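Notes follow the structure.
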Amino acid sequence: MNEIQDSPTKIRESVNVAEELISQSVLIRGDVGSGSIIEATTLQVDGSTQKDSTQFARYGIINIHKGSLRCHKAKIAVLDGGEVHATKVNIQTCKGGSVYAQDVEIKEVTNNLMVYASNSISIDIVTGKDSQFKINYKDIPILNSKLELIREDLENLNYELKDATKHNVSQVAELNLKITTLEDEKSSILNSYKSAKISIQKPFNASNAIIFTINDETEITFKTKMEKYAPFFLEINHNKITLIPTNQTITL
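Numbering (the working numbering), first residue to last: 185 to 436.
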């Protein structure tokens, strides 16, 4: 691979096949070749990212995406069979592909799109069939990595707290606050299905899947019909869980 790392801002007409490009800010006016790797804080691609290309960025803006993007926030005009891992994703049109994020906003979905989210999926219209919209934090690699870091931090902080109670009492309050904050963050991820929502504004034209995962053994799946639905969410009453606005219910 040809690695380039010099100026903080780099403007290129294209990225070659199997090329590696690293810069603080990257603007590609044309296409990103197959097998290439781009690493940047801010990335903008006015053309298309080709299949088997990989992009790492904090903020990614892509016109046509066929590659694999990992970032914090993503804004994509057309997802054409590509893959997106992010915290927040905004896409105009999806023509197949897969999205893994906490919050997902999409204008139009055609066919064969897989969306995995923990907090929310908001879509204006689904014109095609065989797409899957699923709430399950475990399907999102970014969140699994985050949980592992939280577990490691909690283990270290609890060890420090145990030591502080014996030798440095002045640090106890601060350590307890850090532990509580991390425990709350962990709980919000683990229990995200309880407040998550899937909203589809326009009527469905065909069968697609709405899925909420409760735990490793339990999930609710609903196949849509050609009609409009109010937002999907879980109503939890003791050990009974109902997928609103459907009548599908499970008992734990």
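The beta carbon of each residue, even a glycine, is placed where N, CA and C say it ideally should be.
Note that the structure is predicted; figures quoted are calculated from it, not measured.
### Message
So, for I245: in the same chain, excluding its five sequence neighbours on each side, which residues have a beta-carbon less than 6 angstroms away from its beta-carbon?
### Response
Q228, K259
### Query
By a C-beta neighbour count over all protein chains shown, 10 Å radius and 16 as the cutoff for buried, is A414 buried or exposed?
A414 is exposed by the Cβ-count criterion.
### Message
Measuring straight from C-alpha to C-alpha, what distance separates Q239 and G251?
### Response
8 angstroms
### Message
Using only CA atoms, which one of S379, L359, G231, Q385 lies nearest to K346?
### Response
Comparing Cα positions, the closest option is L359.
### Task
List in chain order: all unbroken beta strand (DSSP E) runs of 3+ residues lying wholly within the stretch 241 to 323.
252 to 254, 257 to 263, 267 to 269, 272 to 278, 281 to 293, 297 to 310, 316 to 319
### Delimiting residues of the alpha helix (DSSP H) encompassing K350
325 to 351
### Message
Using C-beta distances below 7 angstroms, list every residue in its chain close to S282, excluding the 5 sequence neighbours before and after it, in chain order.
### Response
The answer, listed in chain order, is E267, M298.
### Message
Could you give the first and the last residue of the continuous beta strand (DSSP E) run that contains S232?
### Response
First-last of the beta strand (DSSP E) with S232: 221 to 233.
### Message
Could you pull the DSSP bridge partners for V199 from this structure?
### Response
V216
### Query
Under the DSSP definition of a beta bridge, which residues are partnered with E403?
Answer is T397.
### Query
In terms of residues, what are the limits of the alpha helix (DSSP H) holding T365?
Element bounds for T365: 356 to 374.
### Message
Measuring straight from C-alpha to C-alpha, what distance separates K378 and I324?
### Response
17 angstroms
### Query
So the beta strand (DSSP E) T435 belongs to, where does it begin and stop?
432 to 435
### Query
Rounded to whole angstroms, how far is the Cβ of V310 from the Cβ of V293, which I believe are closer than 8 angstroms?
5 angstroms
#### Entry: Inter-residue spacing [alpha-carbon to alpha-carbon] between N474 and I395
As shown, the chain starts at 185 and ends at 436. That puts residue 474 outside it, with no answer to give.
### Query
For S376, which option in T405, A357, N399, K407 has the closest C-alpha, if you only look at C-alpha atoms?
N399
#### Entry: Three-way DSSP call (helix, strand, coil) for K194 in this model
strand
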